[in-house]
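Undergrad: Numbering (the working numbering), first residue to last: 33 to 717.
Heads up, the beta-carbon is just placed ideally off N, CA and C, and yes, glycines get one too.
Predicted model only: the values in this text are computed from it and were never measured.
My structure is below; once you've seen it, I'll send some questions.
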Amino acid sequence: MTTTSVTPTTTGELARLRQLAANTIRGLAMDAVQKANSGHPGLPMGMADVATVLWSRFLKFNPADPKWPDRDRFVLSAGHGSMLLYSLLFLSGYDLPLDQLKQFRQWGSKTPGHPEYGLTPGVETTTGPLGQGISNAVGMALAERHLAARFNRPDFNVVNHYTYVIASDGDLMEGISHESCSLAGHLALGKLIVMYDNNSISIDGSTSLAFTDDTVARFQAYGWHGQHVDGHDPVAVEAAIAAAQAETERPSIIACKTHIGYGSPKQDTNKVHGEPLGEADVRITKEKFGFPPDQAFVVPEEAKEFFEQRGKDGGLRQKDWEKLMAGYAQANPELAKQFWSELKGESPAGWDSTMPSFPVDKPIATRAASGKVLDVIGPKLPILIGGSADLTPSVNTEWKGVRVITPDDFSGQYVHYGVREHGMGAIMNGLTVHGGVRAYGATFLIFSDYERPAIRLAALMEIPTIFIFTHDSIGLGEDGPTHQPIEQLSSLRLIPHMAVFRPADATETVECWRTLLNRKHAPSTLVLTRQALPIIDRTKYAPASGVAQGGYILKDAENPQVILIGTGSEVQLALAAQETLAKENIRARVVSMPCTRLFDDQPEAYRESVLPRRIRARVAVEAGATMTWWDYVGLDGAVVGVDRFGASAPGAIVMKELGMTADAVVAAAKKVLSKGSEPITQGWS
C-alpha cells in the first residue's frame, strides 16, 4: 500500500483515506472475531464508514486524557459490535494496543465481548443489554445540559459537548429505548445524536419478521429531528451529522442504511451477525478490500495516522479548553472551585451537620422521614439530581423548594420521569457516569423488577447511582399481591456490589442517607415503608450510627441465649419479642441489620462481636422471602418471613394473617433454643 500524507488536500484523497480507514476497521473486526472464534463481525463491518466519519470529522476527544470533562461522549449502544469501538480506540491512540485486540474476548484482556466501563480506556458506559446504552446516553446528554445551565457564563462555555450513539435495530425494539427516547424528546436534548444502524437484519433473520416500524417517523413523534442516509456514503453521513448538530432544539436520529457484514460473502445475512466469517470468507473479503489475505491484524500506517491525527487535534482542543477554564476561574473563582469539586463527586463540608431528628412519640413512615432528610440535604448538595417515575407524592423524593428540570431550564435538580421505570434507571446511570452529577430516583419496591437491568449494570460498573424504593412489604396493604414485594429484597441483595439499606425507623433512615452518600464506588438501594413506624428511643437503645457497619446490637441482654435479627419495620417485632422472652427468663439480643452488604464487609472481629459463633440460637425476621437470611442464622436457626404472595387487606391484617408478628418471633426463638447451644459452624463466618 502506498504512503502519502494523512492530511488530505483534495476531495478524492479524503475519500481514499476514509475508505482505507473504514476497511482497516473491517479487517481488525474480522480478524479479532475469527481468532477468538466468537463475536459479531457484522455490525463493525457495516458501520465502519459511519464511525470513520464521526471519529475523524466530528468527535471531540483526547486519547491522552480519556476523562477530559468536556469531551464528547460516544456510546456504542449495540455493544455486541464491540470490535468497532475497540478498533476506533486503538487506531485513535488510546492506551489499547493491538495486542489487546488480538486477545478479544479472552481472560484478562481489555477487550471483552461487550464494552465495560472502567476496564477499557475510552469506554463511556457498559453496554450489551440492548436499549441500555442509548438510555444511558439520554442521561449523559441531560447531565451536559444541566451542568452547562449551572456553570456556563457569557464568554465561558466550559460545558459544551455532544453525546453520540450508535444504536442497532435491537436497541430500538427494546421497550426501554422507547421510554428514554420519549423523555429525551420531551426535554429537547438537542445535543444528543443517534446513528441508527438500519441494516434490516437481526439474529433470527430479516427484521421484517417482527419489526416494521417507520422508526424515524416514530422518533419524530417523540419530538426528535430525523434523517435518512446511505450509511456507506461518507459525504452524505457527514452532511447528516452536521445537520443534526445544527438542530439545537431537538435530539436527532440518523437512520443509516447499511449492509451488515459489508463486503463479505455473508453480507446482508444473519450468518454474519453473531459468528465468525470463517477463514475462507475472511480471505475473500480481504482480497476485495485490497488487504493481504494471508496476514491478520494488518494496520496500514496511513489509516493509523488518519485517526491519530484527530486524537492529537483533540489534545490541542483540550489545551484551548484549559485556557478557557483558567480565564473562567479568574472571573468566577468560587464557581470554578465548585465545578471541579462536583466533577470529583465531592460533597461540601458540613453537608450532614444538621440532619433532622424525630420525636419518639410520633411514629412516621420511613419514606416520609427520607423526604425530611432530603429537605435538609438537597439544598446543600447541588450535585444531586433526583426524580421519580410519576410517584413523587408517594415516594417523598422532591424536597421543598427544589426546581424541576424542564426543556426551558436545565439548572434544576428534579426530573419528572413519567411512568418510565425502565428508562429512569438507565438514565440515572447515564447521569452518574457522565460525571458532575449524583443521581437518585424512586418508585415502589415491586417495580424494582422494571429497573433490574439498570440496577445490575450500575453494580457491574461500580458507580454510585442511588435507587430508592418505597412501599417495601406486604405491610402496604390494600393494593394487594400485585404491589406487595416478596422476593425483591432477597434478589437485590444477591447483586454483587449492591448495598441494600432497609432502615428500622426514621433515625436509621437519616444514617442510611449519610452512609450511602459516602459510598462513591458502588450503587445503593434505599428501601422504605409506606406505613408509619415507631421511633426507637435512642436513650434506651444503641445509637443509629451502627448503620455504617451494616448491622449492630440494638438492645442486648446479659449473657444472651438467642439472637433476634431484624431489618426495616420488623425490627419492632424483634424488640417486642425480646420483651416477651424476658418475661419468661429467656435472654435475647436484638440486632438491627439495615444493610447486610456493609455488615459482610466488616472485619471478622466486629462481626463476631455482633453475631458470636457461640450463640447458635438465632432468628431473623423480615417481611419478605427468607432465602438470604440463612447465612446469618445457620441451618439450625429460623427465619420468620414471607415465602408466598400477599393479599389485599389493610396492612396490619395482612401482616398478622401471614405470620409477621412478635408472637411468631417468640415461637421461633423457643424452637431454636430447644435444639441446643453448640457453636454455629456455618453462615457468614
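(1) Do you know how far the Cα of D265 is from the Cα of Q66?
(2) Pop quiz: M692 and A655 are said to be a contact at Cβ under 8 Å. What is the actual Cβ separation, rounded to whole angstroms?
(3) Following the continuous alpha helix (DSSP H) through N55, name the residue where it begins and the one where it ends.
(4) Can you give me the start and stop residues for the beta strand (DSSP E) that K587 sits inside?
(5) In whole angstroms, what is the alpha-carbon distance linking L179 and V447?
(6) Please state whether the Cβ-Cβ distance between P496 and T464 is less than 8 Å.
(7) Tell me which residue opens and which closes the beta strand (DSSP E) that L643 is part of.
(8) Considering only residues of the region 325–399, which uninterrupted alpha helix (DSSP H) runs meet the minimum length of 4 residues and lie entirely inside it, listed in chain order?
(9) Taking C-beta to C-beta, are Q563 and A701 nearer than 8 Å?
(10) So is R435 buried or exposed if we call it buried at 16+ other beta carbons inside 10 Å?
(11) At what residue ranges does the region 424–467 contain a whole run of the alpha helix (DSSP H), taking only runs of 4 or more?
(12) Assuming contact is defined by CB atoms lying nearer than 8 Å, are G468 and Y449 in contact in what I supplied?
(13) Between which residues of its own chain and S124 is the CB-CB distance below 6 Å, once the five residues before and five after are set aside?
(14) Quick one: complete alpha helix (DSSP H) runs, 4+ long, within the region 173–249?
(15) Using a Cβ-Cβ cut-off of 8 Å (strictly less than) and excluding sequence neighbours within five positions of L705, which residues of its own chain qualify?
(16) Measure the C-alpha to C-alpha separation of I712 and L60 and round it to an integer number of angstroms.
(17) What's the gap between the Cα of A400 and the Cα of E270?
(18) Could you tell me if K223 is buried or exposed, where buried requires 16 or more neighbouring beta carbons within 10 angstroms of its beta carbon?
(19) Can you confirm whether the region 83–101 touches the region 163–173 when touching is taken to mean that 3 or more C-beta pairs between the two stretches lie within less than 8 Å?
(20) I need the straight-line Cα distance from T157 to I417, nearest angstrom please.
(21) Based on the DSSP secondary-structure assignment, which residues constitute the bridge partners of F501?
(22) Taking only the alpha-carbon atoms, compute the straight-line gap between T317 and P73 and give it to the nearest angstrom.
(23) Does the beta-carbon distance from A471 to I527 come in below 8 Å?
(24) Could you compute how far the alpha carbon of V451 sits from the alpha carbon of R484?
(25) Under the DSSP definition of a beta bridge, which residues are partnered with Q259?
(26) For the pair the region 657–675 and the region 510–519, tell me if three or more CB-CB distances fall below 8 Å.
(27) For P555, does the count of other Cβ atoms within 10 angstroms reach 16, so buried, or fall short, so exposed?
(28) Could you tell me which residues DSSP pairs with F533 in its beta bridges?
(29) Is E710 helix, strand or coil when you go by DSSP?
(30) To the nearest angstrom, how far is the alpha carbon of G507 from that of L560?
(31) A421: which of S480, G295, D633 and Q370 sits nearest, CA to CA?
(32) Residues in its own chain within less than 6 Å of V603 by CB, not counting five upstream and five downstream?
(33) Report the partner residues of L565 according to the DSSP bridge assignment.
(34) Give the DSSP-derived three-state secondary structure of R570 in the structure shown.
(35) Measure the alpha-carbon distance for W716 versus K432 and round it to whole angstroms.
(36) Excluding five sequence neighbours on each side, which residues of the same chain lie with their C-beta closer than 7 Å to the C-beta of W100?
TA: This is what the structure holds:
(1) Here residue 66 refers to the residue found at position 34 when the sequence shown is read from its first residue. Here residue 265 refers to the residue found at position 233 when the sequence shown is read from its first residue. Each residue's Cα considered, the two are about 27 Å apart.
(2) Stepping through the sequence shown from its first residue, residue 692 is reached at position 660. Stepping through the sequence shown from its first residue, residue 655 is reached at position 623. Going by Cβ atoms, the distance from M692 to A655 rounds to 5 Å, so yes, they are a contact pair.
(3) Walking along the sequence shown from the start, residue 55 turns up at place 23. Counting along the chain, the alpha helix (DSSP H) containing N55 begins and ends at T43 to A68.
(4) Your numbering for residue 587 matches position 555 in the sequence shown. Under the DSSP assignment, K587 falls in the beta strand (DSSP E) whose first and last residues are Y584 to K587.
(5) The count along the sequence shown starts at 1 and reaches residue 179 at position 147. The count along the sequence shown starts at 1 and reaches residue 447 at position 415. L179 and V447: Cα-Cα distance of roughly 14 Å.
(6) The residue you call residue 496 lines up with position 464 of the sequence shown. The residue you call residue 464 lines up with position 432 of the sequence shown. Taking 8 Å as the Cβ cut-off, P496 and T464 qualify as a contacting pair.
(7) Taking the first residue of the sequence shown as position 1, residue 643 is located at position 611. First-last for L643: undefined, no H or E at that position.
(8) 333–363 and 365–375
(9) Taking the sequence shown and counting its residues from 1, the one referred to as residue 563 is at position 531. Taking the sequence shown and counting its residues from 1, the one referred to as residue 701 is at position 669. Taking 8 Å as the Cβ cut-off, Q563 and A701 do not qualify as a contacting pair.
(10) Working through the sequence shown from its first residue, we reach residue 435 at position 403. Under this definition R435 is an exposed residue.
(11) 424–427 and 453–466
(12) In the sequence shown, counting from the first residue as 1, residue 468 sits at position 436. In the sequence shown, counting from the first residue as 1, residue 449 sits at position 417. No, these two residues do not count as a Cβ contact at 8 Å.
(13) Counting from 1 along the sequence shown, the entry for residue 124 is found at position 92. Closer than 6 Å at the Cβ level, and outside the excluded window around S124, lie P95, F339 and G343.
(14) 201–205 and 207–219
(15) As a first step, residue 705 is located in the sequence shown; it is residue number 673 there, counting from the start. Closer than 8 Å at Cβ, skipping near neighbours: Q593, V594, I618 and A649.
(16) Stepping through the sequence shown from its first residue, residue 712 is reached at position 680. Stepping through the sequence shown from its first residue, residue 60 is reached at position 28. With a pLDDT of 42 at I712, under the threshold of 50, the predicted position of this residue should be treated as unreliable, though the coordinate-derived value follows. The alpha-carbon separation between I712 and L60 amounts to approximately 57 Å.
(17) For the purposes of this step, residue 400 is identified with residue 368 of the sequence shown, where counting begins at 1. For the purposes of this step, residue 270 is identified with residue 238 of the sequence shown, where counting begins at 1. Going from the Cα of A400 to the Cα of E270 covers about 52 Å.
(18) The residue you call residue 223 lines up with position 191 of the sequence shown. Answer is buried; the Cβ neighbour count reaches 16.
(19) no
(20) As a working note, residue 157 is residue 125 in the sequence shown. As a working note, residue 417 is residue 385 in the sequence shown. If you take the alpha carbons of T157 and I417, they lie about 19 Å apart.
(21) To locate residue 501, count along the sequence shown from 1; it is residue 469. The partner list for F501 (beta bridge, DSSP) reads T475 and V559.
(22) Within the sequence shown, numbered from 1, the residue matching residue 317 stands at position 285. Within the sequence shown, numbered from 1, the residue matching residue 73 stands at position 41. Distance from the CA atom of T317 to the CA atom of P73, rounded to whole angstroms, is 12 Å.
(23) Locating residue 471 in the sequence shown gives position 439, counting from the first residue. Locating residue 527 in the sequence shown gives position 495, counting from the first residue. Result no, Cβ atoms of A471 and I527 do not sit closer than 8 Å.
(24) Counted from its first residue, the sequence shown places residue 451 at position 419. Counted from its first residue, the sequence shown places residue 484 at position 452. The alpha-carbon atoms of V451 and R484 are separated by roughly 16 Å.
(25) Counting from 1 along the sequence shown, the entry for residue 259 is found at position 227. Partner(s): I286.
(26) yes
(27) Against the sequence shown, residue 555 aligns to sequence position 523. Classification of P555: buried, given that the 10 Å Cβ count is 16 or more.
(28) Counting from one through the sequence shown, the residue named residue 533 turns up at place 501. For F533, the beta-bridge partners assigned by DSSP are L558.
(29) Within the sequence shown, numbered from 1, the residue matching residue 710 stands at position 678. Its pLDDT being 48, under 50, E710 is placed unreliably in this model, and the coordinates cannot settle the point.
(30) Here residue 507 is taken as the residue at index 475 of the sequence shown, counted from 1. Here residue 560 is taken as the residue at index 528 of the sequence shown, counted from 1. Distance between the alpha carbons of G507 and L560: 11 Å.
(31) To locate residue 421, count along the sequence shown from 1; it is residue 389. Taking only the C-alpha atoms, the option nearest A421 is S480.
(32) Along the sequence shown, one-based indexing puts residue 603 at 571. Residues A536 and S624 of the same chain have their beta carbon placed closer than 6 Å to that of V603, with the five preceding and five following residues left out of the count.
(33) By one-based count along the sequence shown, residue 565 stands at place 533. Beta-bridge pairing links L565 to I396.
(34) Residue 570 sits at position 538 when you count from the first residue of the sequence shown. The three-state secondary structure of R570, taken from DSSP, is coil.
(35) On the sequence shown, position 684 is the one that residue 716 refers to. On the sequence shown, position 400 is the one that residue 432 refers to. Any reading at W716 must be qualified, since the residue scores a pLDDT of 39, below 50, and its modelled position is unreliable; the value itself is stated next. Approximately 42 Å, taken between the alpha carbons.
(36) The count along the sequence shown starts at 1 and reaches residue 100 at position 68. Counting only Cβ-Cβ distances below 7 Å, and skipping sequence neighbours, we find N94 and Q350.
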